[in-house]
Each structure stands twice: as C-alpha cells, then as structure tokens.
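Chemist: Chains as they are written, first to last, in this note's numbering: chain A, 4 to 254; chain B, 4 to 254. Here it is: the structure, laid out below.
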DNA sequence: CGATGAACGTTTACGCCGTTTACGGTTTAC
DNA sequence: GTAAACCGTAAACGGCGTAAACGTTCATCG
C-alpha cells in the first residue's frame, strides 16, 4: 500500500458528501425540517442512496450540526474583526454578542448544535466536545488575552480534585497544549465562562424567561458583566459594557 | 345556562383524559418515546380516538411536560421537607440540588419541559411561563426568605427600563401579587437566580461540559455559590456549601 | 317513552418518515 | 478484459401524525 493522490472516484465521493451537508443546511435554513428523504429529493436522488455516505439519520444530524457550528463561528470571527487585532477583550465581547444574536435568530440551529441528545458513545462525545469550532474560537481568545494580560488564575492546588484532574487532561474545545501545566487554572476559567455564556443564551433561546427581558438582552448583559472579573477585566468594565450594549442594539 | 355538578359523561371524559397523561408519562418513564399510537395502544384504543381529547401531538407533549414538571416539583418539595420549615435557605439549597439530580437522571423529561420548541402562541407561552410548578416552588421559597431576612434588593430606579417594566407586570411563575411594587426588585433577583440555575443545569444535562466536571458537580457548586450573594446569604456560605456538597453526594 | 343529537371510538386511508434488501449499471484496478 | 468495488434504483416494511366517514352509545327533551 502506498499513498494515493485523490483518485477521480474519491473526489466525486467527497463532493457529493459535501453536497449532502450543504443541501441539509439549506433545508433547515429555509425552515424545513431535516430528513433524509427531503435532502435526497432536493439532490435529485432517492433516499436510500444517502446510506452510501451516511450511516443513519442521527449521523447526518451530527454532521450538519458540526457544519452549522463551523459556519456560525466564521460569523463570530468576522464580527470580531471589526475591532483592532490587539483589542482582545473587545473582540471577546463582540464575539459573545454575535453568538447570542446567532442563537436567537436561528434557534433551530442552536438547538441542533447545543441541545442534541448527546447520548452517544464516549468517543463521539469526546470529538464533539473537543472539536466544536465555536468553542475553540472563544477559548483561544481567552488564551491570547491571558498570555498578554496575565490576569490572576486560580492555583491548581485550590481547585477541587475533580476539576484539577479535568484541567490537566482537558476535554474541551481549546488548544490547551500551549498552556503550561501550572497555568491550567485558565482552563477552569474557560469552563466557567462557557457555562455562563451557554447558560444564559440557552435560557433565552428556549424562551424560559420573560420575552421583554430576552429582547432587551439585560439578563445577558447581567450575566456576562458578572463574568468579566473572571478574566481580570473589571477595570475595563465601563468600556466593555458600552460595547456590549452597542452590539445588542444591532437588531 | 346554569352550573352543572359534573355529569357522568364529564367524569368519564376527565378520567380518560387523565389516563392519557399518566399513560404518556409511564411511556417516557420507561424510556420509550412518546407517540399518539403508543399511548393509544397501551390504553387499548386506536390512535385517532385520542383526537377526541387532544388536538395534536404537540398538545399532548405540552400537556405531559406540564405534568412531568408538576411531579418533579413534588419531589423537590419532599426533599426540602427533610429540613426544618424555618431553614428557608437550606430548603432552597436542597431544592436546587434535587432539581439538578432530577434533570441529570431524567434528561429526556428535562428536555421536554425546558428545551421545548416554544414556538407557540404568546398566549400559550404566557401560561407556560407563569404556571410552571417548579418555577413557583423556587420563587416562593425566595419570597419567603426575603420576607424574613429582608436582604438588600436592587432599587427599581436602578434597574434598566425594560427590566423595571418586566418586574412591575411580571411574566414568571411566582405569586407576585404579594410583593409590593417598591419591592419588585425581588422579581429581578428571582430571574437572575433562575438564569443561573437553569443555565448550568442545562449545560450539564446536554453534556457540553467535561463529563468529570458534570459528575463531580463542581461547576454547579461554583455557579450556585456565586449566586448566593443575590439572596444575601453570604454569611451562611460555609454551611450552605457543606449542605450542597452533601446533597450532591446523594448519587 | 321514544326520538334527537352530541360524544366517542373504529376503520380506512393518505402522506410522511428511517431503514433494509435485492438488484442493475458504472467505474476502477489488476 | 475481467473481476471487484462502488453507487444508484426500486420495492418493501414498519412506524408516525392526521383526516374523513361511519357506526354506536348515551344523556337529554318533547
């Protein structure tokens, strides 16, 4: 066995595979619900044909969820690019606001990515946990911020045992290899930040909060603001608060 | 038209209606998925017959969700009853821990109640928002706590406009009529607490967090502990922290 | 009392779904 | 050139929500 450059067949396979995903995304983007038959029909193909590419409906969902997350993250990054590259805190704020905007404008997509059954094998789970594009986007921003600002981290020996174990051999979407073992308190901070962000956005998306509060975004502001000290950003609170409210005003 | 005492027919109707709900709950409790046909079969009836009682599948889901929430709340209340009636803070801590235990042990039920489509009419929505048993349980505990302790509330004039409007004419599951207008800052505290609780539990249930951290409950402890000052419970932090960890140790 | 009409359940049917099986045609590889 | 791998089809199975038509039961009222 030697290495192949991609043969014609492999190219074609890759291509229809991609078409399956994009067609799926188009479907849900138009408010239809995702189904093998609908995707097949739109591709001018019969449903069982898709089984040459996908093992099951659930696998298709996972695939599309990953792609949806990837595309959404491109949007977050683009939004953050409106700020200078060295304004890491600002980019983070703009990024989380873009995340919230996306979630509220595409609740079905949000649900697909972040409220999936997740009753899958530990293996798949590990992949999903560690590969989420949006996760990497945010955690990396936090890492860069810390590398420059060196805000205070919790000391490893102050962390609960299970948390210490988790941050030393982490299972989160982040490039943790660049973080020295003694600085892994940063990973705990990433997890805390993610909890706050995910929590409040999920609450808003699923509508278990007064609609007026959702619309104004005040709960989001409240939770995010209260999380700023985690990143040693207390001193910038005013600027970031203003920035956040300006972002919320966009739609 | 005059008032009837319930006639025989109405009784029978009410009864089969209840049987539909309990049968549905039994189904999902056994890990099966909820479907009109399955419920009908288990009742020894054909599926279209159910349409005499429910207008659609979605309506059945909503109905069952409400019932599931009600039963779960009974469990929370029972757990809280392990503590003396005057230990309101302790009961609250035990209650939220029971909520988390329930959510993690019955993720499908949790999802049904708290991650529902919620794309329904404002009317239905209002009902769902204001009638959730679990919501009333927690908010009422907070109200009792405040009536005794009178911890500091945000002043109405310090709240953002939209929040002030929302707390003055609230849309949350709580007996707010007992709260004077000038004390409605308490409603905002209820919302903040609910956001924290819902957020971290949803995160854990849907598995978007390191499984080891979920299992140990440290993120839950972290979020809940950081929310204690909202209720003026800083001074009891140690006791409540110990209580919380003891509760988490239960399974 | 007997008739009337509402309430209720059945049968049948439609159109959707995921998935399996068996079968041809095409492309690749030896 | 031929054998094998690949890729699509058609047909079918069992499940789903839902609609329409049809009988049966039963409370009510003249």
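Positions of the beta carbon are idealized from the N, C-alpha and C atoms, including for glycine.
So, for residue 182 of chain B: in the same chain, excluding its five sequence neighbours on each side, which residues have a beta-carbon less than 8 Å away from its beta-carbon?
Modeler: As a working mapping, residue 182 of chain B is identified with position 179 in the second chain. Taken in chain order, the residues that qualify are 146, 189 and 190.
Chemist: Counting only beta-carbon separations shorter than 9 Å, does residue 221 of chain A have a partner in chain B?
Modeler: In the first chain, the residue the question calls residue 221 of chain A occupies position 218. Answer yes: the Cβ-Cβ gap between residue 221 of chain A and chain B drops below 9 Å somewhere.
Chemist: Checking contacts by CB at 9 Å: is residue 205 of chain A closer than that to chain B?
Modeler: If you number the first chain from 1, residue 205 of chain A lands on position 202. By this cut-off, residue 205 of chain A is an interface position.
Chemist: Taking the C-alpha atoms as reference points, what is the distance between residue 17 of chain B and residue 24 of chain B?
Modeler: The count along the second chain starts at 1 and reaches residue 17 of chain B at position 14. The count along the second chain starts at 1 and reaches residue 24 of chain B at position 21. The straight-line gap from Cα to Cα measures roughly 11 Å.
Chemist: Using the C-alpha atoms, what's the distance from residue 38 of chain B back to residue 22 of chain A?
Modeler: Here the question's residue 22 of chain A lines up with position 19 in the first chain. Here the question's residue 38 of chain B lines up with position 35 in the second chain. Spanning the two alpha carbons is a distance of roughly 33 Å.
Chemist: Starting from residue 229 of chain B, trace the alpha helix (DSSP H) both ways and give me its first and last residue.
Modeler: As a first step, residue 229 of chain B is located in the second chain; it is residue number 226 there, counting from the start. Segment 221–230, the alpha helix (DSSP H) holding residue 229 of chain B.
Chemist: If you count every other CB in all the chains shown that lies within 10 Å of the CB of residue 169 of chain A, and 16 or more means buried, which is it?
Modeler: Against the first chain, residue 169 of chain A aligns to sequence position 166. That one is buried.
Chemist: What span of residues does the alpha helix (DSSP H) with residue 26 of chain A cover, start to end?
Modeler: Position 23 of the first chain, counted from the start, is the residue given in the question as residue 26 of chain A. Element bounds for residue 26 of chain A: 11–32.
Chemist: Can you list, in chain order, the residues of its chain whose CB lies under 7 Å from that of residue 71 of chain A, leaving out five sequence neighbours each side?
Modeler: Translated into the one-based positions of the first chain, residue 71 of chain A becomes position 68. 28, 112, 115 and 116, listed in sequence order.
Chemist: Whole angstroms is fine: what's the gap from residue 93 of chain B's alpha carbon to residue 243 of chain B's?
Modeler: The count along the second chain starts at 1 and reaches residue 93 of chain B at position 90. The count along the second chain starts at 1 and reaches residue 243 of chain B at position 240. Approximately 7 Å between the Cα atoms of the pair.
Chemist: Is the CB of residue 177 of chain A under 9 Å away from at least one CB in chain B?
Modeler: The sequence position of residue 177 of chain A within the first chain is 174, counting from 1. It does not: the Cβ of residue 177 of chain A has no partner Cβ on chain B nearer than 9 Å.
Chemist: Is DSSP giving residue 109 of chain B helix, strand or coil here?
Modeler: Position 106 of the second chain, counted from the start, is the residue given in the question as residue 109 of chain B. Three-state result, residue 109 of chain B: coil.
Chemist: Do the CB positions of residue 138 of chain A and residue 175 of chain A come within less than 9 Å of each other?
Modeler: Here the question's residue 138 of chain A lines up with position 135 in the first chain. Here the question's residue 175 of chain A lines up with position 172 in the first chain. It is a contact, given that the beta carbons lie within the stated cut-off.
Chemist: Kindly list, in the order they appear in chain A, the residues whose Cβ is closer than 7 Å to that of residue 195 of chain B.
Modeler: Sequence index remark: in the second chain, residue 195 of chain B carries index 192 (1-based). Identification of chain A residues near residue 195 of chain B by a Cβ-Cβ cut-off of 7 Å yields 225, ordered along the chain.
Chemist: Looking at chain A, is there any beta carbon in it that lies within less than 9 Å of the beta carbon of residue 254 of chain B?
Modeler: Reading the second chain from its first residue, position 251 is the one you call residue 254 of chain B. Taking 9 Å as the threshold, the shortest C-beta distance from residue 254 of chain B to chain A does not fall below it.
Chemist: Could you compute how far the alpha carbon of residue 103 of chain B sits from the alpha carbon of residue 204 of chain B?
Modeler: Residue numbering aside, residue 103 of chain B sits at position 100 when the second chain is read from its first letter. Residue numbering aside, residue 204 of chain B sits at position 201 when the second chain is read from its first letter. Taking the straight line joining both Cα atoms gives about 6 Å.
Chemist: If the cut is a Cβ gap below 8 Å, which residues of chain A does residue 255 of chain B touch?
Modeler: Residue 255 of chain B lies beyond the residue range present for chain B, which begins at 4 and ends at 254; the question has no answer from this structure.
Chemist: If you drop the 5 nearest sequence neighbours on each side, which residues of the same chain put their C-beta closer than 8 Å to that of residue 240 of chain B?
Modeler: Working through the second chain from its first residue, we reach residue 240 of chain B at position 237. In the same chain as residue 240 of chain B, and ignoring 5 residues on each side of it, the C-beta atoms closer than 8 Å to its own belong to 228 and 231, in chain order.
Chemist: Going by C-alpha distance, which of A:218, A:207 and A:173 is nearest residue 254 of chain A?
Modeler: For the purposes of this step, residue 254 of chain A is taken as residue 251 along the first chain, with counting starting at 1. Closest by alpha carbon: A:218.
Chemist: Quick one: is residue 136 of chain A buried, meaning 16 or more other Cβ sit within 10 Å of its Cβ, or exposed?
Modeler: Sequence index remark: in the first chain, residue 136 of chain A carries index 133 (1-based). Residue 136 of chain A comes out buried.
Chemist: Leaving out five residues before and five after residue 237 of chain B in sequence, what residues of the same chain have Cβ atoms less than 7 Å from its Cβ?
Modeler: Taking the second chain and counting its residues from 1, one reaches residue 237 of chain B at position 234. Around residue 237 of chain B: 231.
Chemist: Could you have a look at residue 244 of chain B and say whether DSSP puts it in helix, strand or coil?
Modeler: Within the second chain, numbered from 1, the residue matching residue 244 of chain B stands at position 241. The three-state secondary structure of residue 244 of chain B, taken from DSSP, is helix.
Chemist: Sorted by chain position, which residues of the same chain lie with C-beta nearer than 8 Å to residue 124 of chain B's C-beta, five sequence neighbours on each side aside?
Modeler: Translated into positions along the second chain, residue 124 of chain B becomes position 121. Confidence at residue 124 of chain B is low in this model, with a pLDDT of 44, below 50, so its placement is unreliable and no value can be given for it.
Chemist: Since residue 43 of chain A and residue 49 of chain A should fall inside the 8 Å C-beta cutoff, what is the C-beta to C-beta distance between them, to a whole number of angstroms?
Modeler: On the first chain, position 40 is the one that residue 43 of chain A refers to. On the first chain, position 46 is the one that residue 49 of chain A refers to. Right, their Cβ atoms sit about 6 Å apart.
Chemist: Contact check, residue 78 of chain B vs residue 141 of chain B under 8 Å by CB: the rounded distance?
Modeler: As a position in the second chain, residue 78 of chain B is number 75, starting the count at 1. As a position in the second chain, residue 141 of chain B is number 138, starting the count at 1. Wrong, their Cβ atoms sit about 13 Å apart, outside the cutoff.
Chemist: Within 10 angstroms of the Cβ of residue 126 of chain B, are there 16 or more other Cβ atoms? Answer buried if so, exposed if not.
Modeler: Sequence index remark: in the second chain, residue 126 of chain B carries index 123 (1-based). Residue placement at residue 126 of chain B is poorly supported in this model, since its pLDDT is 42, which falls under 50; the coordinates are not used for a value here.
Chemist: Tell me, please, whether the CB atom of residue 30 of chain A is closer than 9 Å to any CB atom in chain B?
Modeler: Stepping through the first chain from its first residue, residue 30 of chain A is reached at position 27. No, residue 30 of chain A lies away from the interface with chain B (no Cβ there is under 9 Å from its Cβ).
Chemist: Can you tell me whether residue 86 of chain A is helix, strand or coil according to DSSP?
Modeler: What you label residue 86 of chain A is simply residue 83 of the first chain in a count that begins at 1. Correct three-state label for residue 86 of chain A: coil.
Chemist: Do we get a CB-CB distance below 9 Å when we pair residue 229 of chain B with the residues of chain A?
Modeler: Taking the first residue of the second chain as position 1, residue 229 of chain B is located at position 226. Yes, residue 229 of chain B lies at the interface with chain A (some Cβ there is under 9 Å from its Cβ).
Chemist: For residue 208 of chain A versus residue 119 of chain A, is the C-beta spacing smaller than 9 Å?
Modeler: Indexing the first chain from 1 puts residue 208 of chain A at position 205. Indexing the first chain from 1 puts residue 119 of chain A at position 116. The answer is no: Cβ separation not under 9 Å.
Chemist: Between residue 34 of chain B and residue 155 of chain B, which are expected to be in contact by the criterion C-beta below 8 Å, what is the C-beta distance as a whole number of angstroms?
Modeler: As a working mapping, residue 34 of chain B is identified with position 31 in the second chain. As a working mapping, residue 155 of chain B is identified with position 152 in the second chain. With a Cβ gap of about 47 Å, residue 34 of chain B and residue 155 of chain B do not count as contacting.
Chemist: Taking 9 Å as the CB-CB limit, is residue 51 of chain B close to chain A?
Modeler: For this step, residue 51 of chain B is matched to residue 48 along the second chain. No, residue 51 of chain B lies away from the interface with chain A (no Cβ there is under 9 Å from its Cβ).
Chemist: Would you say residue 235 of chain A lies against chain B (beta-carbon separation less than 9 Å)?
Modeler: Walking along the first chain from the start, residue 235 of chain A turns up at place 232. It does not; no Cβ of chain B falls within 9 Å.
Chemist: How many Å lie between residue 62 of chain B and residue 164 of chain B at the Cα?
Modeler: The residue given as residue 62 of chain B occupies position 59 in the second chain. The residue given as residue 164 of chain B occupies position 161 in the second chain. If you take the alpha carbons of residue 62 of chain B and residue 164 of chain B, they lie about 35 Å apart.
Chemist: How many Å lie between residue 30 of chain B and residue 55 of chain B at the Cα?
Modeler: What you label residue 30 of chain B is simply residue 27 of the second chain in a count that begins at 1. What you label residue 55 of chain B is simply residue 52 of the second chain in a count that begins at 1. For residue 30 of chain B and residue 55 of chain B, the distance between alpha carbons rounds to 20 Å.
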